[in-house]
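Protein chains: 2
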Amino acid sequence: MDFRILSKDPETQARTGLLKLPHGEVKTPVFMPVGTAASVKGIHQNELAVELNVPIILGNTYHIYLRPGIDTIHRAGGLHRFMNWERALLTDSGGYQVFSLTGQRKLTEEGALFQSHIDGSKHLFTPENIVSIQRKIGADIIMAFDECTPFPCDHKYALNSMELTHRWLDRGIKQFLETDPVYDFQQVLFPIVQGSIYPDLRKISAEKIASSGMAGHAIGGLSVGEPEDEMYSMVEIVNSILPENKPRYLMGVGTPVNIIESVALGIDMFDCVIPTRNGRNGMLFTANGIINIKNEKWKDDFSPVDMEGNSFVDTQYSRAYLRHLIISKEMLGAQIASIHNLGFYSWLMQEIRNQIEKGTFRGWKDQMKKKLSKRL
Amino acid sequence: MDFRILSKDPETQARTGLLKLPHGEVKTPVFMPVGTAASVKGIHQNELAVELNVPIILGNTYHIYLRPGIDTIHRAGGLHRFMNWERALLTDSGGYQVFSLTGQRKLTEEGALFQSHIDGSKHLFTPENIVSIQRKIGADIIMAFDECTPFPCDHKYALNSMELTHRWLDRGIKQFLETDPVYDFQQVLFPIVQGSIYPDLRKISAEKIASSGMAGHAIGGLSVGEPEDEMYSMVEIVNSILPENKPRYLMGVGTPVNIIESVALGIDMFDCVIPTRNGRNGMLFTANGIINIKNEKWKDDFSPVDMEGNSFVDTQYSRAYLRHLIISKEMLGAQIASIHNLGFYSWLMQEIRNQIEKGTFRGWKDQMKKKLSKRL
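So the protein lines, in turn, are chains A and B. Mapping of the first sequence onto the numbering used here: position 128 corresponds to residue 124, and the numbering continues sequentially without gaps. Mapping of the second sequence onto the numbering used here: position 266 corresponds to residue 262, and the numbering continues sequentially without gaps.
1. Over what stretch of residues does the alpha helix (DSSP H) that includes S128 of chain A continue unbroken?
2. Between which two residues does the beta strand (DSSP E) containing E7 of chain B stretch?
3. Using the DSSP secondary-structure output, state which residues sit across from Q111 of chain B in a beta bridge.
4. With DSSP collapsed to three states, give me the class of S299 of chain A.
5. Can you tell me whether DSSP reads E47 of chain A as helix, strand or coil?
6. Give the C-beta separation of L261 of chain B and N241 of chain B to the nearest angstrom, bearing in mind that I take them to be a contact with Cβ-Cβ under 8 angstroms.
7. Taking the beta carbon of Q182 of chain A as the centre, do at least 16 other beta carbons fall within 10 Å, making it buried, or is it exposed?
8. Find out if the Cβ-Cβ distance for the pair F377 of chain B, G212 of chain B is shorter than 9 angstroms.
9. Buried or exposed for T104 of chain B, going by 16 or more other Cβ atoms inside 10 Å?
10. Label V30 of chain B either buried or exposed according to how many other C-beta atoms from any shown protein chain fall within 10 Å of its C-beta, with 16 as the threshold for buried.
11. Any residues in the region 85 to 96 of chain A with a beta carbon nearer than 8 angstroms to a beta carbon of chain B? Which ones, in chain order?
12. So who's on the other strand from P29 of chain A, going by DSSP bridges?
13. Taking 9 angstroms as the CB-CB cut-off, is T68 of chain A touching chain B?
14. The alpha helix (DSSP H) with N350 of chain A in it runs from where to where?
15. Taking C-alpha atoms, which residue in A:I233, A:T68 and A:S3 lies nearest to Q351 of chain A?
16. Could you run through the region 205 to 232 of chain A and flag, in chain order, every residue whose CB is less than 9 angstroms away from some CB of chain B?
17. Helix, strand or coil: which one does DSSP assign to R83 of chain A?
18. What does D296 of chain B touch in chain A if you count any residue whose Cβ is under 7 angstroms from its own?
19. For a minimum of 4 consecutive residues, which ranges assigned as the alpha helix (DSSP H) are wholly contained in the region 139 to 210 of chain A?
20. With a threshold of 9 angstroms between beta carbons, is I323 of chain B in contact with chain A?
21. Run through DSSP, which three-state label would D362 of chain A get?
22. Determine the DSSP secondary structure at T24 of chain A, reduced to helix, strand or coil.
23. By how many angstroms is the C-alpha of L344 of chain B removed from the C-alpha of W420 of chain B?
24. Just to confirm the assignment, what range does the beta strand (DSSP E) spanning A214 of chain B have?
25. If the cut is a Cβ gap below 7 angstroms, which residues of chain A does M79 of chain B touch?
26. So R319 of chain B and K290 of chain B are supposed to be a Cβ contact under 8 angstroms. How far apart are they, rounded?
27. Does the region 317 to 332 of chain B come close enough to the region 221 to 240 of chain B that 3 or more CB-CB pairs lie under 8 angstroms?
28. Quick one: grab the DSSP three-state call for G278 of chain A.
29. Closest to I53 of chain B by CA distance: which of B:L62, B:K37, B:Y61 and B:I66 is it?
30. Under 9 angstroms, do I263 of chain B and V231 of chain B count as touching if we go by C-beta distance?
31. Would you report the Cα separation of Q111 of chain B and H119 of chain B, rounded to the nearest angstrom?
32. To the nearest angstrom, report how far apart A34 of chain A and N56 of chain A are at their CA atoms.
33. Taking Cβ positions only, does S299 of chain B come closer than 9 angstroms to chain A?
34. If distances are taken between C-alpha atoms only, which option among A:G278, A:L97, A:H162 and A:K132 comes closest to G116 of chain A?
35. Since I believe K370 of chain B is in contact with V253 of chain B (beta carbons under 8 angstroms), could you give me their beta-carbon distance rounded to a whole number of angstroms?
36. CB D88 of chain B to CB M139 of chain B, shorter than 9 angstroms?
Written out as structure tokens, the structure reads:
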């Protein structure tokens, strides 16, 4: 992996960069659509690549491990081949899912024992086997196993959890360094800063992660219900410690406004289910604000989904038609809304990069924030 | 509308033809994918047109009438514009849905009073308003209002029902002839032969429908649970009476084998939810037989979905991947299976037309039937 900063905004911490991965080059800041179970819901791989020009997607280790299972992925020659996705991939570590999705789980020094949400079967994730599992999945970027603390969470819990995550990180890095890739390309491991909303813990964690010697760094445990200001303030503290010359990935974020604010704080990578999940429920993001397509006001609006949008769904279908499909729970409604929203996110990231390169990011951001939050 | 027979099979009643409609030319025999609620589930309009080369689809009047409602469709300028489908459209009359979907319905001489399956609201369909509703929907081909008898159904019920359908037909034709199209193209009305599985009734009904003077004829009340041989035998009786020079549409049929057998009996048009609905449940039709993709045997089969298939999904995705998606209830699984199956149906109809034109249909059909029924 190679990461090069291409330009810096003079007024904020925003920067553009180029991330070279075995499966292609990624311009940063970048948004990664979420392909939980080896599929970005409702979207064909060729639509992601050609129509939406997505350079990297995220897969969830927890889901892929449970189904179709690591043996099948391994026999397929890795997740890229299994799902026929030739561009870059990042897999998370499963920590977030184990702690949020499964009813039964038990945390020990060794790792996390949990029951599958699918069939109740018991499994153990450890810092070591999570590396080995992600070796077999074969993403370009893999994540260290961490405990993602809930919100709210008291200082003592957050401290103990962070220390456990740090001990797990040492074990994960050891496993990573002592093992070879399963396929014919190199992978990189990103460690994850934790510490809930406590500045002292975030500082300690950022220092630990910064000293790990890994190729990139992630910030976890945010966007889990805390006020947005707390999130930004944690990101600011952490980014003041994480080295500038490595990519910074803010996990699970976020809305368009969250993204432009976090870019201003020096974040380079994002992933979130919002554009696809909220899209399926009828929420459309546009450069002029948010549309709730279920609203009665769109019933007879036969104008295009988004006159300024640049994916084919924006001009081929009307708002009235999309409203009808979403209300009728027709699959095509979810497909159209998901493509529209991911197309908008692609545009947003491109525009963010343009504005940073032109040195006009700060002013544009303040204007854009108002427009993006508007309810149409 | 213009219908021209292009070739006749010397050994069966099969024929090829060209149906000219306001929204394009349709080569027959043709299969019409079902777009119940103004969408063929899981498939974009451009995929239907460009990828699957579908010349005509079917919309369900009952569903469209209830949601988005006829006023919205009218304001949109008709269903073609509402859903952005530029090729031909056929709408059914709602009779089948009223009698099969709704819990509460009451049949009178006037029409059918029923409750919406969506919100329980009460509505009345009559032979007259069903014509007016389909004028506003604006399909190229519209259907007369009929009672679709269930199976089994005793002779007395079938007789009374058929006579009611015939009286309704007279009223529907009167309404059709006395009204103008709502948009700038002509529509045609197809009457429907009923009579359950009773040869005497099917003969009477076919004679009534043949003498209606309409541009094409449909056969209803079949493929509702009766043995396949009964269905073929009814089709044979009816087709011996319906004039040769007008298109014959067998409603709601069917499997690939049903289609080739019915083509041999002189049917020109088909519609059915099987390729899409069964596809969503993991049943794939191929030229070599039927695949239940949920079967364990495909778990690690990384070969293409259908090596002989001609839609993009056939070569871009593997059987193992499709199995994973269908079992995981991922939308993309339903999308892939639906496109595959409709692609197969398109191929099948093209091949049927080729074989008829070459005069080799009969031998091909007997070979093909065995292959198509095989479980892979």
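Glycine included, C-beta positions come from ideal geometry on N, C-alpha and C. Given the structure is predicted, the values throughout are model-derived calculations rather than measurements.
In short:
1. P123 to I133
2. Segment: none, E7 of chain B is in no beta strand (DSSP E) and carries neither H nor E.
3. B:K118
4. coil
5. helix
6. That pair is no contact at about 17 angstroms.
7. exposed
8. Any property of residue 377 of chain B remains undetermined from this structure, which presents chain B solely from -3 to 372.
9. exposed
10. buried
11. none
12. A:C268
13. yes
14. M327 to K354
15. A:S3
16. none
17. coil
18. T68 and R71
19. 151 to 174 and 195 to 206
20. yes
21. helix
22. strand
23. Here chain B covers residues -3 to 372 and nothing more, so residue 420 of chain B does not appear.
24. H213 to I215
25. Y317
26. 7 angstroms
27. no
28. coil
29. B:K37
30. yes
31. 6 angstroms
32. 8 angstroms
33. no
34. A:L97
35. Between K370 of chain B and V253 of chain B the Cβ distance is about 11 angstroms, and since that is not below 8 angstroms, they are no contact.
36. yes
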